[in-house]
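Q: I am attaching a structure below and will ask some questions about it afterwards.
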Amino acid sequence: MESDAGSVPLTELDDRALMALHVQGNTDAFGELFRRHRDRLWSVALRTLGDPEEAADAVQDGLISAYRNAASYRGDAAVTTWLHRIVVNACLDRVRRRTSRPTVALPDDDLAPEASRLTVRRDAMDERETALEINRALAALPPDQAAAVVLIDVEGWSVEEAAVILDCPPGTVKSRCSRGRVKLAATLGHLRNPESDGRVPTLPDSQVSSAESLVKEVGTR
Amino acid sequence: MSDSILLEDREAQARFEAPHDSDMAVISLLSSLPSLTMPADLVADLQRRFPPQTALIQQTPADVIDISSRRRPRWMAPLAVAASVALLLTLGAVVFRSTDVTIVNADGPVLASGTEYSASNLATEVPELLNTAGLSATSAVSEARIAPADAAALAGTFAASPHSIGSCIDAITDAPTAQLVAIDMATFRGTAVGVITSRVSGEKGLTVSVVPTNCGAENAAILEQIVIADQ
Chain A
1 MESDAGSVPL TELDDRALMA LHVQGNTDAF GELFRRHRDR LWSVALRTLG DPEEAADAVQ
61 DGLISAYRNA ASYRGDAAVT TWLHRIVVNA CLDRVRRRTS RPTVALPDDD LAPEASRLTV
121 RRDAMDERET ALEINRALAA LPPDQAAAVV LIDVEGWSVE EAAVILDCPP GTVKSRCSRG
181 RVKLAATLGH LRNPESDGRV PTLPDSQVSS AESLVKEVGT R
Chain B
1 MSDSILLEDR EAQARFEAPH DSDMAVISLL SSLPSLTMPA DLVADLQRRF PPQTALIQQT
61 PADVIDISSR RRPRWMAPLA VAASVALLLT LGAVVFRSTD VTIVNADGPV LASGTEYSAS
121 NLATEVPELL NTAGLSATSA VSEARIAPAD AAALAGTFAA SPHSIGSCID AITDAPTAQL
181 VAIDMATFRG TAVGVITSRV SGEKGLTVSV VPTNCGAENA AILEQIVIAD Q
């Protein structure tokens, strides 16, 4: 498919050019942006919310908002950052609107198919079970910590970029991420050390007090 | 904000800058998570809300229908129901049953024609293959006249076992009932793919879906999809 000028395929234009075309009324430009970024947006939404239906609704809300309000994009951040910001906001808005947050496992269909349905090697099955456990632990984090951890540690955004997406200072991103990691370390200790038979490894004395204070704060949030 | 909270914030920030071993282990675990693909039905639904992608319609003949408007959001369905795929072998026919999809087919529905498909030739090549294979476009129980793909050629693909085929079909279809007419292991734009032809009850046409060879619950990507209207 080509741009309105008729000479350059949309697939060869950068994100900013596609946004400009969309604002000018090109009917295909946003579809190309969606194609490029949809999987990462889905990943962040699903891992932040921990519920496929909620994540689908949040992604839908966010992308439709982005589609309609593209003229408000000022170009001071990358388009993908802007899209993530809108979708993550939609996720956190959904969390704020509900009174309690489910901490149940993500449905198997979306993140880890039931082992009985697949003929897979044992190691592949272990990988899926590990991924399922990690996703459960992420889903149990406070949403703002989950979002920070997902953006930084799963998706690989920089602190500065995550700060733009989360609309908060970089220091806040760091502290949310740290607290999330501390809680994950406690939850996923047996994965970190399979030999520990499910127990969280003992931390050196020097680390105990700081870890405890962080966990304590996590617990109050 | 109290001093104690500020101190804890600073402590947390400092720990971010100098992560402990346990933090590094968590980071390692998180970075090993597989990348996710947006479910095909959500993609289709969102594309419907944006101006439609017209490439498929432009590149295919007039009797090819854009089916995006007929797909229902899969995430609205109870997610647990698709887990009950059971395999029955009866009278030489392979029967899959789940509450989400029912597939009935004769022996040998998995072919390996090696056809080089493209968006523009799917609508002509698929019916031709079905005719050659003796797989009627209107019935899913015809006897195959060409040899099915051998097991070795299917190893590692979604077509390797009835279970993995069922997993793929569950992942990509929204239809409550769908008859699998044929699977053809081939190429699409130069990439190895499976071309799944199915018929949804009550619809007057064949649905042709081009999927990656690792199609399944974790990869519900549909590279191309058309409906070929019955003549």
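Taken in order, these protein sequences are the chains called A and B.
Numbering (our numbering) for the first sequence: 1 to 221.
Numbering (our numbering) for the second sequence: 1 to 231.
All residues carry an ideal CB built from backbone N, CA and C; glycine is no exception.
#1: Helix, strand or coil: how does DSSP classify TYR73 (chain A) here?
#2: Is there a Cβ from chain A that is less than 7 Å from the Cβ of ILE27 (chain B)?
#3: Given a threshold of 16 other Cβ atoms within 10 Å of its Cβ, counted over all protein chains shown, does ASP126 (chain A) qualify as buried or as exposed?
#4: Going along the segment 182-199 of chain B in order, which residues come within less than 9 Å of chain C, judged by CB to CB distance?
#5: If we define contact as Cβ-Cβ less than 7 Å, is SER22 (chain B) a contact residue for chain A?
#6: Looking at chain B, which residues of the segment 16-33 of chain A have a Cβ within less than 8 Å of any of its Cβ atoms?
#7: Who are GLN179 (chain B)'s beta bridge partners in DSSP?
#8: Is the distance from the Cβ of ALA159 (chain B) to the Cβ of ALA220 (chain B) below 7 Å?
#9: Grab the span of the alpha helix (DSSP H) containing PRO143 (chain A) for me, first residue to last.
#10: Hey, out of A:VAL88, A:VAL44, A:ALA148 and A:ALA29, whose CA is closest to ALA47 (chain B)'s CA?
#11: Can you check which of these residues, A:ALA45, A:LEU188 and A:HIS22, is closest to ILE165 (chain A) by C-alpha distance?
#12: From which residue to which residue does the alpha helix (DSSP H) around GLN60 (chain A) run?
#13: For GLY171 (chain A), go through chain B and note every residue whose CB falls closer than 8 Å to its CB, in chain order.
#14: Let me confirm a value: ILE226 (chain B) is counted as buried when at least 16 other C-beta atoms fall within 10 Å, else exposed. Which label applies?
#15: Quick one: which chain B residues come within Cβ less than 7 Å of ASN63 (chain A)?
#16: Using a Cβ-Cβ cut-off of less than 7 Å, give me the residues of the segment 164-191 of chain A that come near chain B, in sequence order.
#17: Given a limit of 8 Å on CB to CB distance, which residues of the segment 209-225 of chain B reach chain A?
#18: Along the chain, where does the beta strand (DSSP E) containing VAL211 (chain B) start, and where does it finish?
#19: Please classify THR124 (chain B): is it buried, with 16 or more other beta-carbons within 10 angstroms of its beta-carbon, or exposed?
#20: Any Cβ of chain B within less than 7 Å of the Cβ of VAL87 (chain A)?
#21: Closest Cβ-Cβ distance between ALA58 (chain A) and chain B: below 7 Å?
#22: Of the residues A:VAL154, A:ALA163 and A:PRO9, which one's Cα is nearest the Cα of TRP82 (chain A)?
#23: For LEU42 (chain B), return the contacting residues in chain A, with the cut-off set at a CB-CB distance below 8 Å.
#24: In the structure shown, what three-state DSSP assignment does VAL79 (chain A) receive?
#25: Counting only the same chain and skipping the five closest in sequence on each side, list residues whose C-beta sits under 6 Å from that of SER167 (chain B).
#26: Looking only at its own chain, which residues have a Cβ that is under 8 Å from the Cβ of LEU191 (chain A), when we skip the five neighbours before and after it?
#27: Within a Cβ cutoff of 6 Å, which residues of the same chain sit near GLY25 (chain A), ignoring the five residues on either side of it in sequence?
#28: Return the residue from the list B:THR197, B:ALA112, B:VAL126 and B:GLU116 that minimises the CA-CA distance to THR157 (chain B).
#29: Determine, using beta carbons only, whether LEU154 (chain B) comes closer than 7 Å to chain A.
#30: Tell me the DSSP bridge mates of ASP184 (chain B)?
#31: For the putative contact between MET185 (chain B) and LEU154 (chain B), defined by C-beta atoms under 8 Å, what is the C-beta separation to the nearest angstrom?
#32: Starting from ILE228 (chain B) and walking both ways along the beta strand (DSSP E), at which residues does that stretch end?
#33: Are the beta-carbon atoms of TRP157 (chain A) and LEU36 (chain B) separated by less than 7 Å?
A: The relevant details are as follows:
#1: coil
#2: yes
#3: exposed
#4: The structure shown contains no chain C; its protein chains are A and B.
#5: yes
#6: THR27, ASP28, PHE30 and GLY31
#7: B:ARG199
#8: no
#9: 143-149
#10: Checking the sequence, you will find Gln at residue 47 (chain B) rather than Ala. If we check each option's Cα against that of GLN47 (chain B), A:ALA29 comes out closest.
#11: A:ALA45
#12: 52-68
#13: ASP9 and GLN13
#14: buried
#15: It should be pointed out that residue 63 (chain A) corresponds to Leu in this sequence rather than to Asn. Ordered by position in chain B, the residues that pass the 7 Å Cβ test against LEU63 (chain A) are LEU46.
#16: GLY171, LYS174, SER175, CYS177, SER178, ARG179, ARG181, LEU184, ALA185, LEU188 and LEU191
#17: GLY216, ALA217 and GLU218
#18: 205-212
#19: exposed
#20: no
#21: no
#22: A:ALA163
#23: TRP42, ALA56, VAL59 and GLN60
#24: helix
#25: GLY216 and ALA217
#26: THR130, GLU133 and ILE134
#27: none
#28: B:ALA112
#29: no
#30: B:LEU111 and B:VAL195
#31: 7 Å
#32: 224-229
#33: no
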